[in-house]
Each structure stands twice: as structure tokens, then as C-alpha cells.
Amino acid sequence: MSTRQAWIDGNEAVARVAYRLNEVMAIYPITPASPMGEWADAWASEGRPNLWGSVPAVVEMQSEAGAAGVVHGALQAGALTTTFTASQGLLLMIPNLYKIAGELTAAVIHVASRALATSALSIFGDHSDVMAARGTGCALLFASSVQEAGDFAAIATAATLASRVPFLHVFDGFRTSHEIQRVELLDDATLRQLIPADLVAAHRARGLSPDHPVIRGTSQNPDLCFQAREAANRFHDATPQLVQQAMDRFGALTGRHYQLFNYQGHPEAERVLVLMGSGCGAAAEAVEALMARGERVGVLKVHLYRPLAGEQLVAALPASTRAIAVLDRCKEPGSGGEPLYLDLVAAIAEHWPGAPPRVIGGRYGLASKEFTPAMVKAVFDNLTASQPRNHFSVGIHDDVTHRSLEVDPSFNTEAPETFRAVFYGLGSDGTVGANKNAIKIIGEGTGLHTQGYFVYDSKKSGSVTVSHLRFGPRPIRSTYLIRQAQLVACHHWDFLEQFDLLELAAPGATLLLNSPWPPEQCWAQIPERVRRQIQAKGLRVFAVNASAIARASGLGRTINTVMQVCFFALAGVMPMPEALAAIRAAIHHSYGKKGERIVASNLAAVDAALEGLQEITPTSASSAPRAAATADEPAQPLATPAHLEAAPAFVRGLVLPQLQRRADALPVSALPCDGTFPTGTARWEKRNIAEAIPVWEPDLCVQCGKCVMVCPHAVIRAKVAEPVALVDAPEGFRSTAARDPHWQGQSFTIQVAGADCTGCSLCVEVCPARDRREPRRKAINMAPQRPLREQNRSHWDFFLSLPNPERRGLNLHHINQQQLQQPLFEFSGACAGCGETPYLKLASQLFGDRMVVANATGCSSIYGGNLPTTPWSTNAEGRGPAWSNSLFEDNAEFGLGFRVAFDQRQARARQLLRQLASTLPQSLVDGLLEADQSDEAGIHEQRQRVAALRQQLQPQLASEPATASTTTASELLELADDLVKRSVWIVGGDGWAYDIGFGGIDHLFATGHDVNLLVLDTEVYSNTGGQMSKATPKGAVAKFASAGKSTAKKDLGLMAMTYGHVYVASVAMGARDEHTLRAFLEAESFPGPSLILAYSHCIAHGIDMAKGMAHQKQAVDSGRWLLYRHDPRRKHQGLAPLVVDSRAPSLPLTEAMASENRFRMLRYSHPEQARALTREAQQELDHRWDLYQRLAGEGPTP
Amino acid sequence: MSNPLATTYLGLELSSPLVVGAAAPLSSDPARLEQLEREGAAAIVLHSLFLEQIERDWQEWEHHQRHGAESYGEALSYLPATEPLHLGLDGYLAEIREARRRLSIPVIASLNGSHPGHWRDAAAAVAAAGADAIELNLYAVPSDGRRSGAEIEAEQLAVVREVCAAVPLPVAVKLSPWYTSFGHMARQCAEAGAAGLVLFNRFYQPDVDIETLDTVAHLELSSAIDQRLPLRWIGLLHGRLPLDLAASGGIGSGADVVRMLMVGAQITQVVAALLRHGPGQLRQIQAELIGWLEQHDHAGLDELRGCLSQARCPDPEVFERAQYLRALSSYGGPLW
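Protein sequences, first through last, are from chains A and B.
Just so we're aligned: 1084 in the working numbering is position 1084 of the first sequence, and the numbers increase by one with no gaps anywhere.
Just so we're aligned: 1257 in the working numbering is position 59 of the second sequence, and the numbers increase by one with no gaps anywhere.
Have a look at this one:
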């Protein structure tokens, strides 16, 4: 029996087993399952063997549908095969799952279960995905903990080989897939004993072979097909027993015993809860606590859900059971109940001996909603009612259909001997990593059971992380967030103002602050509301200036070492000398060969942390001295920030609670019923996350507009105004005479929304103007934000009050003028320095007031549409981009649907207009029907005509009685706005365009419809953490390409050009911004499909994001990325449609590649491969350059 | 028939005085090393391992591994967790092993650094990996005006002493000419245990762009004019110190090699000519050298080595500073 332990999460626990038990893995990234594929790829690139001594083939596919096809094929060819997936990915596999199961093919597919996208996408965990696959014929085996997930990966493999029924091995997304626990690992010897060699041989023998050919996958007629489906019954019937046998064998080998259904509770329970997955941990904890109170309750944990062994399920329930509540972690609208409930009802009806117990069902934990022992108690309490509420929900407040149960939040089952700590970290400050490290140190050093769960943010910059750590002598089953912590650590001072982080502090707990203040000032600087909470709860407060210590020790902004030391010093979970020794050992282990300076810096930080940690006691320095708070004083509610006082009710009612991290308490009525939200809410957030913000120097500025253009967050804006308009400007508001003759006599200003800035400094990097006496000083420079905050706010507010320029008067081909257009995409949560968002902002400036966006799932759908706030916004007339996200794979089709609908609506409007022509001024009708809407002026005039049309139609509606003409007028009024051009933009990343959505894009091109595709090409799946796509260049290292991408980047633009009628542009703003602008204008004006490939630098490239635009230029200078425009209209002028706008490559490719870590990494891991791929890439680049020259009619003819 | 080009350097038997000098483009690709050997390289100095750069590379690696990590739920990292087995010293050692495996000629490792640090460990590891000798490259821009020349020289000599004591290999020291008393520094290197000197180091020099007001870096390859400085100092030192002297800078023809041998060089290091013309230039230089020897009836290099050193040349003063003034005064070209 293996005794080796590791502190790992569920994904790794599963991957460690699945990797060794398979020969082929077909993978595709999807949260939260991606890490399993990443582990597999990384191990394969290192040459790590599986159980049989071969390195598994790991194949990334273009979609989960593709992955399922490979799985099916590899299984048919006799290989042990798996894949990892979740959510929509599993849905894409369903057609193959029916095939694989129908053909009785042994396989295990590991699913980190996740919610399905309905009215909104959610990356979080529930069972709606696997429940959608319950009819496929696959077995469904549910693990409820990290340990079980690892164990069941092995048990499922043994069972599938024995039964020939394929398995979905399910564990809860995030709660299990990302929770860190101590896991007993399975060694190879155990796995060998568990997986019989003869069953593996039998599986292989069933593979297709020309040496003993068979035919499989026939088409059958009505005479046979039904019988064929029934012919497999005995295999499904036998499966539960075979699973139990595998479990028993596993138990004998490891000492960990499982049953199909595990009952826990009172042997003569009257009330029993039935559920699956991670919620079982909280339920078991609650049952134990209720039993201690004398209640006869129990919980039945379902492991094998399909094939459902109804008789055993019933037999597992105590005969004393009088009432059962079945909890489903999914929702099936319109059904008679959720799946597990209905199955249990059926099982009881069929198998319960005598008078059956009452059975009710309910929903819990959708999309990782918390599920606590208090909620379990509420469910048990419901069962005691004379008429228990059926089809209930628990964990939310349903004030609309009143199906939710009341929960008593004071019910607490946390073991007193368990130490609980909660840490609030900012972005990637190292908090989470340090906590993962602490779990290992404590686990190894003390033998305590440990648990770590981490709540991440949906923002990609300035995010908040919350780490929940438990340590205790007994196994930790608390599958819910900590409610009463003995230690709360606040790693970023501003959090004290922003949300109620002491809500989780238990009375008498310790508060650890990373404080920028000297100890003697610290108490006074703590907000009054928090001070009173500290007093009321009797907290001890400690502070350390971790940021200063980290800086002084040479660790930059990484405060994790300092805060970790302070945590150990205060937590007392292990003796401090041992803890320090372990921390120092970990430092040597992590950094030993990385140079003595980095080791010395960390060791210095350890010592300085201990010296710098100070207890803070209340002082009279309080700004508002009042009597100390008493223990029963409730916490004051968080104040509404001043800038939100004038916000719309929607923002105050729904957005603010999210920002203050208290939206779990919002009732159902607060939410829209169909996922429809107002746009433009990001402007209310004011995150203040930048340490430094740009400051404009009017005397140096050449007013080129470049800084405005590249700003990824639209925080830098320019305006011109009559000097008189600036008379009332607040003090310090900067302006200067406009340089462009177009605005002669007017004043020019650039202002910065400091509270919305991420501090990326892209603007400073692109600024071309320097002080000739002091060249370090540019026309825009970074300066610390905090001292500027107040003044900046007033400047920004005043700036917003200045009128925007008349759009018709701007020359859009000149960046300095074009950039005065109001962006209708602002303040997104994208990464600081994002390379994608400047393109979206540009499109919103140019076309936002008539723009409809179909957005593929990915980075752009997250920073574009992830609550709490969204960046797509409106102008003063209330117009702006309308935005929607359907799925990942269907975005081209989704956007085509927009186009077809708009065309249809407009055609109908024109038809109605013609019908009413005799009642309307002829010039108006002609104008509306023949309008040239190819530019701003044309759009403006058409809007004027539509307004006139409305005025003309309104009186016609008043005529009584209604006539046919009235009806026509009424319908035309409804559709009048459709007479104005609709600009359809289909937006997504390269994962969508090159891979999963390519089929749709290709078909869209073929239709010839007038849409604009904007591909934000980061050359990886950025949103899921940088997995390889077909856009990844040769020689780059990415996840799923750990050994370097060995094939060339797909030339999507060239493919599109072959249609002949598609406008194609390849742009890189950082290389030539005016080219980008021109391409956008041309693409939008092209009356057919347009494709813009926009090079977007990305955090996954391993670059200094502040220099992202310079990296774009290097990509172009080396010829790795070409600038070109392919405009079919040029053919009418007798010209070649393709114009190559790049100059001949002037930078060696190897030099451009060496500047990005994604390429350098290969030199560090596979230097031979790196050299070979670089050589090939240079040759391919040269060939491509020649090809494009010839296509443009500029190169030598072949 | 004996090889007329045979020579020794740092105690190593070489087939000729044509040694490929340290330059990443020449020696970072093992396949290119084989090509250089085929073209006649007698030994190869591998590109330099910059000790300070190792720390920076690791810090950069760490930065990119952590940047943006562990904060956004869908992407807890942005780069794969592959082990960088060839980053820093480990990578350099692998290159030495690979070079040793592929080549029959001596392989000389080059260590470059400016401060005391991991020299001893790095040198020992390099020796264990199979290098035949070590070239210590001590140059750094002494930009700290608070430190005296004596202080910096003492520190550098301590490094030489430390490395020479730590490894069983011969050690050559590559120096810049920017010492107040270069001859004294050279002597002290010998006393610290060095077996040879490589004269001279050559570096990227910054430039400025007067329009963009920015600094720019240029790579300018050496040319024949760059031979003068090493020629002078090899001529001055030859026969006076127990050191093998290697000429580096501007060597591009057989005549260049002869010139350096005559002033006393044991070998010549070729870099720029190979970068300009490719590895085949080695064969060209070798042919020219053999031709010259045959034409002048020399049977071996020792016959001419040092014949024009200061100790043996007909006009020893020509090597000394005053000669510079005479050269100017004898200048007969146009003044403007």
C-alpha cells in the first residue's frame, strides 16, 4: 500500500492517475478542466512514461467535438484513451459519447463539472453539464473530494475495462478541481494490481485491425435497430456490480473503502439527505452536528449515478427513513423535478418494501453557489414540516416564486480544533502561491490535515483573491468557505474601505494588515467602521509594512514571503523555529540555483518581516474618538462611495453589492429574468488600482493622438474646446493651443481617468515627444497616483462636461482627429497593457453608435461582459454598441444571424416605406431609400431623415378608426431605426477563429454577407491561460505545446483571400497605427465579409506588457507578422487586390523571437528543437514574404 | 611530414594557431561547432557564460512564470510549467558536454563576470563538464566612481586566483586594455595562476540617436585596424611573462596571423571574419598562412614567433608611447 502523500488539487490528483492509465489523450482547454490537459502535456514533453512504459500521445484538437472524435477513433483502434473536459465542452462531445457507449467501448472521461451557459456564462461548478450527458449510455461516477477524485480515476478505469461501459468520472469544478488537500497517492504497483492485464489486452483486441477485420458503425433498418439497442442491456446491468468489485479491490489495496452509495448518519435515521459531489462534505458535517443534538438524520452519498442501481440505492437507506430530501446541483426548467430526485422517486416506488417515505427534491449550489451545513440543516428542518416544501431551492433568497428555504446562518459546525485563516490578496501579489506553500509546510511539518481553497476574481487586472485555509487534526470535509476565521490577513490596505473583510473574523481573532503606515499611525488610519468592528469582536491587530520590506529586500512588489512569515508568527499552528526553518528551506529549494541574490533577498525579507511585525493597539489618534464598540454592536453597513451616489438605481442596486462582495445576499427579484443588462457600468467602478498614472505635459505634446489610441482601458482622452469653455476649469486643469489648423484658435487638452487606469504605461512607451533638454521627460509620464487622486477626479469630471466634437467634422484618416471620437468601450477589466482592447476601443469610436457585436467566448467576452461591470457604453444620445455572447464555437454563425435579421428588418422597412410613399414627402422617401451611409455625414443625414419620418408617421397613427395605412405606419415606426446602417462586428480570439469556430467563419465567407470579423490574435488561448492554437507561431512554447509548436502558424488571411470576395487586413497597431485605422475604415465600408487579423500582444507571450507595442513592431519588422490589405474593390480598378504594407523584413527573426519568453523558453528546455524550429521558421517566413510579394504583383513571377 | 602549423596553447596541443573566439552566433549551435572544426578550427572558445546574466535570466523567468498568475480563475498561470533545464549554468554545461561529444579539438569555456560571486562553483562545474581550458573574461564598465582602480584590480585578481586554485584546468584571462599599467596587471595575472592572456576584449559600445533622443546599441565587427592594440601589447609582453598570449581583434587573413605570431602571439582568435564570411574563412586563412610559411621557407611557427616582439625587433621603441607623437609628426596626408 502506498503511503506517499502530496498536497495537490483535484485536477492534479486525477491527471496523475489518468496519465499513467492511458496511451492517447485528446485535449482541448476549458475551465476548470484545463489543468488536467496541461499536466498531461507537460509530462509528455518531459518523456514521462505511463504504466506500460510508453509516453502517452497527447493531441490538442480544434474543439471538444474534435477531441471526442479522436477519443472515439483511438478507442476503436484499440488504445487506452481519455480526455478531460467540462460544461459546453462535454456537450460538444455528446454525439460521440452515444457512439462510444453504444459500441461498448472502455474509456474514462474526466469531467470537472461546470455550469452550462444559459442566460449567462458561468465558469463555476455544478452538475448541469454531466446531467445533460446522462442519456448517452455512459456510466457516471461522482467523486466528492480531492482524494476521491484521484481514487475514482483509477476505479473508473478498472470498472470500464471490466464492464466495457464508458465512464464519465465527475468531480465538482473548482470546489474539488481547485481545492488543495493532502492526498494519498497511488503508486504504479497499486495501479498495476488494480488494472488487470487481461482486460487491457481484451480492450486492445477489440481494436480495428486489417489482420482480423470487422465492420462497426453500420446503418440499421427498423427491423434491427431496436433489438440492437437492447442487446447491450446486460453490460449496463452488470456495471454496478463491477464498479463495486473494483472499489472492493481498491479498498483491499489501499485501505480506502468505497461503496456505490455511502450512507453516513444515524442508523435509525428518520430524515435522510441524498446528494452527489462535493456538497456531501458539508452535508456529512451537518449530519454529525445534528446527531450530536440528538436528531435522527443521515446523508446518502451517491457515487455511481449511472447505471442507477435502484435496488442498492434503496437498500442503502435506513429502513427507518420517513422523509428524504434529494438535492440536485443542476436545474431542469419545466421538469417534474431534477434528475437525481426523479430517479430516487422511481427507485423508491420500485424497490421500497412497504409504505414508502416521503421524497422531496430541491436545488442547491448552482454555479458554485455556497453550500453550507446551515443550508443542510435548513433542508432537514424542511423535512420536519407537515407539508415540506418540494422543488425548493436552498442557498439563495427567492422572493419571486418563493421556493427558497430559510437558512439560519448561525448554525456552525466547524470543528473547534481546526485553525481557520482567510487571506485577501491583490492580483498576483504572491498571496495564493504563498498559501499553497504554507499548506505544504504545515502538512509536512505537523501532520495536520490541511485544506486550501481559493476564490479568484473575474478581473484580469487588479483582481482580489481570497484564500481560505484550514488546518486540523481530523480530516477536513468542510467543502464551503470559512465563515469564522481565527486569522484574517489583509494584504492590501485599500480593501479595508472597499468591502467588509472582518465579516469573516471570529470573536477574538487576529487581524494581520499589510500597512503602509508607521505602527504609531496605523490605528488612526484604519477606517472608523473597521475600528469599531475590531473593538466589537475583540480582535488583536498586527501590522507589517510588507510592501516596504519587500522593496527594501529586493523583492519588488512580491510581498508573499513577508506575509507568510507573519502568518506563521501569528497563527501558531507550528512552532516558529520549525516554521522558519521550513520557510528558509523552501526558499533555498525554490531559488537555490537561480542565484544567490534572489535567495538572499528572500532570506532578508524573512528576517525583516519578523522585526517589522508590530501589534497595533487603539490610540487616541483616532480621528473621531468615540466610546469603544461593545461586543454586541453590529457592524455598520458599508457606505455607498460618493461617486456612486448619483448612479442609476440599477448600479446602486445590483452593481454596488457585487463590488462590495455582498451580492450573495441579493434576492432573485434583483436579477433580470433573461440575462439582459444595461451597458456602460464600468464607468461607475473607479477601482484605483494603479500605483502610478500618466500625467500629460502640454508644452511637449505634439497632439498626435497615439497615447489616446493605444490606451487599453480608454482612460486617456483628448478634446478640443473653445478657450471660453475652459474658463471655469478646476485649478491645475491643463490645456494648450490646438496645433491642428482644423482647430485653429481652440484649446486642446488630454486628461486621464486616474481611478480607472491600470498603470500599464503603454501610453508613455508610444509617446514620440521628448523634452530635448531632458529626454527622459516625455509629453506623458507616469507619476504616483495617490497624491493626484483628488485633483485628478475633478479634472476628469470637468473634462467629461466638455462637449465631444461633431463626428461629421473629423477627418477619420488622421489619428489626431479620429482619436477625438468618444470611445464606447471603456475601463474594462482586461490585463494591464492588454493588446486586444485598443482595437475594440477603436472600433467603438469609429462605428460604436451603429455597432452590434457578436462576441465569441474568450478574453474579449470576459473583459467585455463579465459582471460586476461591463465596458461597452453609450454616447450622449444613448446610442452605443449592443453586445451579445452566444458560445465559443458558433460566433460567426451567431453574427451572421444578426446580419440576416437586420437585412430582413431593413428590407421590410423599405417595403413599408414604399407602401406609404404617397403619404410622405417624395424627397424624404427617396432620401431614405437611396441614402449613402458610407461615412459619418451619411449616417447623420439618414438619422435626420428617420427622425423626420417619425414626425410624419406619428399623426397617421392618430387617425380613427385604424386603417390599413395606420397599421403600416405603426409597423414602419417600429422598424424605422433599421433604415440606418447596422454595423455587425463578429469579435473573438484566435482560438475561436483559427480553431473551434473556423468552420463557421469559412461558411460565413462563402455567404458573402456584409459583416466585419475582428480576430484579436494573441496566438494562444489567452483566456484559459495560454494554450496553443493554430495561430501559435512555430517555435513558441505554450500550454499544450510545452516542447514548442512544431508547425507553422496557419495563414488564415490567405485562406480568406482565396474566396476572392472577402476583404482581409492584417494589422498591428504597435507597428503602424495609421495602417490599422485605414484597415478598420476600409473593412467596415466593404459591402461584404471583412476579416481583420489584429496582432495582439498578450501576457502569455512572456513580455514586459508596457512594451507590448514595441513587440508588435518587432513582429512586423522581422516579417513574422505582415501588414497588408486585400480589398476586392481594387480589382475594379484593374489593380491587384492585395497590397502588402509591410516593408521587407529588416530584423532577423531570431532576434525578434529572443525578445519574448515564449520563444526563449524552448531554448531553456529543448535547445536543439529551438534551433531547428527557428531555422525552419525563418525559411518559411522568407517563403511567405515572397509569396505575398507575388500575390501583390510586386515580386518576381514564379 | 610534421604539421608546420602545430602549436601549443595553455598546454593544449593544437593543430594550428587558428582558434575560434568566444561569440554566441558562432558557438551556441552544436552543429555549427562541427562545421567550424571541419573548416580547420584548432580549438573553439565557447560563447561566454555571463554570470550576472544568469541571475537576471532566472529573475526574468520567475517574473514571467508569476506575472498575472494565481489571480484570475480561468488562467492561474499563462505559461507551461516546464523545467528550464538549460537555463543559466545548467544550459552552458550541457553545451560543453555536447561540444565535447561532437568535437575532437579542444573546447575552451568562457566565463564572464564583473563581481565576485559564483566563479568558483561555475569554474568547477565547467571543468567537470569536460572543458579543456577556461577563458576568464573580466571586463565590466567600471562606472562606479567611488571605487578605485586598485580596488577593482584587486577584486579581479582575487577572482583569477580563486578560479585557478579551484580547477585543474589551464586558465586564460581575457582583459581589456583599459588599465593604467597594463603590464603590471598582466604580470599579476600570471602570479595569480593564469596560464595565458587573451588580448583584448571588445565590447558593444552605445550610441545615441540625435533625432529620437534615444540611446541605441550597435554591433560593429572588428576590422584590421583593431589589430594594432593587441599587436602592441603582445609585442611588449612576449618573452617577459610566463604566459601564452592570444591575439584577439581584427584577425581576418593569413597575413594577420603571421603578424601576430611575429610579435609573440601563441595563437590568434578569429571571430569577425567568420561572422562576415562564414566558417569557410578559416580554411582560407589557413591556406594563406601555409602559403606564407612555404613562400618564406618556414618549417614551423616557432621559427617566426616573437621575432618582432619588442625584445627582439630591430626598433624596440616603436612599441612605446612616444612613438605615437612621432607618428603624428611624420604624418604627411592632407589635414583638411
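The C-beta atom is built at its ideal place from N, Cα and C for all residues, glycine as well.
Check, Outcome
"With 16 other Cβ atoms within 10 Å as the buried cut-off, status of LEU1162/A", "buried"
"Residues near THR446/A in its chain [Cβ-Cβ closer than 6 Å; skip 5 each side]", "MET574"
"Residues within the segment 829-848 of chain A neighbouring chain B, beta-carbon criterion of under 8 Å", "CYS831"
"PHE888/A burial status per 10 Å Cβ neighbour count (16 or more: buried)", "buried"
"Nearest-angstrom Cα separation, counted from ALA120/A out to THR681/A", "17 Å"
"Minimum Cβ-Cβ distance from GLN1251/B to chain A less than 8 Å", "no"
"Reduced DSSP category for TRP992/A - H, G, I as helix; E, B as strand; rest coil", "helix"
"Any chain A beta carbon closer than 8 Å to PRO1404/B", "no"
"Positions along the segment 1273-1285 of chain B whose CB lies within less than 9 Å of some CB in chain A", "ALA1273, LEU1274, SER1275, TYR1276, LEU1277, PRO1278, ALA1279, THR1280, GLU1281, PRO1282, LEU1283, HIS1284, LEU1285"
"Cβ contact check for the segment 584-595 of chain A and the segment 536-550 of chain A: 3 or more pairs under 8 Å", "no"
"Reduced DSSP secondary structure (H/G/I, E/B, other) of ARG34/A", "This sequence places Ser at residue 34/A; Arg is not what is there. Note: SER34/A maps to helix in three-state DSSP."
"Best match in ARG1175/A, ARG687/A, LEU913/A for proximity to SER1257/A [C-alpha to C-alpha]", "This structure gives no information on residue 1257/A, because the portion of chain A shown stretches from 1 to 1198."
"C-beta atoms of SER1085/A and LEU1122/A nearer than 8 Å", "no"
"Option in PRO1228/B, ARG1236/B, GLN1484/B with minimal Cα separation from LEU1291/B", "PRO1228/B"
"Inside the segment 1122-1147 of chain A only - beta strand (DSSP E) runs reaching at least 3 residues", "1124-1126, 1138-1140"
"Cutoff 8 Å: ASP457/A Cβ touching any chain B Cβ", "yes"
"ALA159/A - containing alpha helix (DSSP H), residue span", "146-163"
"Minimum Cβ-Cβ distance from GLY433/A to chain B less than 8 Å", "yes"
"LEU1309/B versus ILE1332/B, ALA1297/B, ARG1295/B, ARG1300/B, residue with shortest Cα-Cα distance", "ILE1332/B"
"Sheet register partners of THR1007/A (DSSP bridge)", "Answer is none; THR1007/A lacks a bridge partner."
"Chain-ordered neighbours of SER1269/B on chain A, where CB pairs are closer than 7 Å", "GLY427, SER428, TYR456, ASP457, SER463, THR465"
"Minimum Cβ-Cβ distance from MET36/A to chain B less than 8 Å", "no"
"Contacts around VAL710/A, its chain only, beta-carbon distance under 7 Å, and the 5 residues preceding and following it disregarded", "LEU762, CYS763, VAL766, PRO838, MET1069, MET1109"
"Any 3 or more C-beta pairs closer than 8 Å across the segment 173-185 of chain A and the segment 11-25 of chain A", "yes"
"Pairwise C-alpha distance: ALA609/A and ALA582/A", "15 Å"
"8 Å Cβ cutoff met for ALA1100/A and TYR1276/B", "yes"
"Test item: CB-CB of VAL274/A and LEU344/A under 8 Å", "yes"
"Selection from LYS1372/B, LEU1491/B, ALA1422/B, ALA1279/B that minimises the alpha carbon distance to ASN1201/B", "LEU1491/B"
"Cβ shell of SER970/A (< 7 Å), same chain only, five flanking positions each side left out", "LEU957"
"Residue range of the unbroken beta strand (DSSP E) whose run includes MET1161/A", "Per DSSP, MET1161/A belongs to no beta strand (DSSP E); it is in the alpha helix (DSSP H), 1157-1165."
"CB contact flag (SER278/A, SER145/A, <8 Å)", "yes"
"When TYR424/A, GLN451/A, LEU426/A are compared against ASN437/A, the one with the closest alpha-carbon", "GLN451/A"
"Chain A within 8 Å of ARG1264/B, Cβ atoms only", "yes"
"Residue-chain proximity (ALA18/A, chain B), Cβ-Cβ < 8 Å", "no"
"Beta strand (DSSP E) segment containing TRP1431/B, residue limits", "From DSSP, TRP1431/B is part of no beta strand (DSSP E) but of the alpha helix (DSSP H) over 1426-1435."
"Cβ separation of PHE235/A and GLN312/A, assumed to be a contact under 8 Å, to the nearest whole Å", "Not quite, the Cβ-Cβ distance comes to about 18 Å (not below 8 Å), so this is no contact."
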